[in-house]
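Per the UniProt record's numbering: the sequence shown = residues 1 to 208. This report concerns only the one structure given below.
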Amino acid sequence: KANQIFLQHESKLKGLIVAGPGITKNEFLERGMLDYRLKEKILGSIDTSYTDESGIREVMQKSDELLKGAEVTKERAIVNKFLEEISKDGLIAYGEKEVLEAIELGKAKTVMVSESLGWEVVKIECEACGNVEEFIIKDTLTFKPSDLKCSKCSSSKVEELEEIDYIDFIIEKARSTGAEVRVISTETPEGEQFLKSFGGLGAFLRYK
1 KANQIFLQHE
11 SKLKGLIVAG
21 PGITKNEFLE
31 RGMLDYRLKE
41 KILGSIDTSY
51 TDESGIREVM
61 QKSDELLKGA
71 EVTKERAIVN
81 KFLEEISKDG
91 LIAYGEKEVL
101 EAIELGKAKT
111 VMVSESLGWE
121 VVKIECEACG
131 NVEEFIIKDT
141 LTFKPSDLKC
151 SKCSSSKVEE
161 LEEIDYIDFI
171 IEKARSTGAE
181 VRVISTETPE
191 GEQFLKSFGG
201 LGAFLRYK
């Protein structure tokens with residue numbers, strides 16, 4: 001029955017946690033009752049003291065570490081794959097300008113962005129010529145809107161229309177072209193390396 005229920009959602013399934021009291025859950029796994037496609041998605045098992053709704057609440061409370069561990073494993077894997085592709089001069093782009101260009105041209109398949117990028121994007125409209133453009137602000141502590149000038153006519157008479165977080169900006173841009181986005185933490189050595197060595201921005205490309 002588990003196969004019947006879960007396989008119809010297999011493409012959207014991120015992971016499975018098997019829970020229950022005693023050895024029942026272990027027997028369930030060892031007997032090979034689960035379809036191999038579901039078995040590959042098992043994150044782990046959790047012991048519970050109850051079989052009713054209290055047991056469900058217990059699973060929810062205990063599953064945090066398993067879910068966090070699974071996410072860290074995926075994160076390390078994608079960064080290592082990124083490094084491997086770079087060493088082979090594969091379908092990879094990194095750096096602010098290169099990644100943004102890849103997104104805008106529809107070349108980016110999966111975009112990686114470090115959660116530690118504290119940048120912002122400011123959208124302005126020039127009061128002199130009507131030009132609308134976006135500026136990436138990396139030093140948000142010292143930034144003042146009065147520092148901005150229109151790149152078209154050089155006028156400093158500009159109106160700030162919008163200010164958004166850079167990560168949200170990248171996510172919106174990427175998804176508009178059908179690209180997947182992975183936000184990379186700095187809680188792992190791989191995540192730290194991605195930020196320090198590649199500026200916290202990278203992309204797997206569909207083509208060169």
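Cβ atoms here follow ideal geometry from the backbone N, Cα and C, with glycine treated the same way. Predicted, not measured: the structure shown is a model, and the values here were computed from it.
Short CB-CB distance (under 8 Å) between residue i and chain C
i	result
Ala70	Checking the listed chains, one finds no chain C in this structure; it contains a single protein chain.
Residue from the options whose Cα sits closest to the Cα of residue i
i	options	result
Ile167	Ser185, Glu125 and Leu13	Ser185
Leu195	Ala203, Ser156, Phe169 and Val113	Val113
Cys126	Asp139, Ser154 and Thr110	Ser154
Thr177	Glu163, Lys149, Leu100 and Phe135	Leu100
Ile170	Arg206, Thr188 and Leu117	Leu117
Arg175	Ser49, Asp165, Val72 and Thr110	Thr110
Ile5	Leu105, Ser54, Arg37 and Ser49	Arg37
Ser49	Pro21, Arg31, Thr73 and Lys62	Pro21
Glu187	Leu43, Lys68 and Lys14	Lys68
Lys208	Ser87, Lys81, Glu98 and Asn80	Glu98
Cβ neighbour criterion (16 or more within 10 Å) applied to residue i
i	result
Ser11	exposed
Lys107	buried
Ile136	exposed
Gly200	buried
Cys129	exposed
Leu34	buried
Thr140	exposed
Ile56	exposed
Ile92	buried
Glu53	exposed
Glu120	buried
Test item: CB-CB of residue i and residue j under 8 Å
i	j	result
Ile103	Ala179	yes
Ala19	Ser45	yes
Glu75	Gly202	no
Ser156	Glu133	no
Phe66	Ile17	Correcting the residue type first, residue 66 is Leu in the shown sequence and not Phe. Yes. Within cutoff.
Glu96	Ile124	no
Lys39	Leu13	no
Ile78	Arg206	no
Tyr94	Phe198	yes
Val122	Glu163	yes
Residues bridged to residue i [DSSP beta-bridge criterion]
i	result
Ile184	Ser114
Ile92	Phe204
Val121	Ile136 and Ile164
Ala108	Leu205
### Query
Taking only runs of the alpha helix (DSSP H) that begin and end inside the stretch 3 to 87, which ones reach a length of at least 4 residues, in chain order?
Qualifying alpha helix (DSSP H) stretches, in chain order: 24 to 30, 36 to 39, 53 to 62 and 64 to 87.
### Task
Output the residue ranges of the beta strand (DSSP E) runs that lie fully inside the stretch 124 to 206 and measure 3 residues or longer, sorted by chain position.
If only complete runs of 3 or more residues are kept, the stretch 124 to 206 shows the beta strand (DSSP E) at 132 to 137, 158 to 165, 180 to 184 and 201 to 205, in order along the chain.
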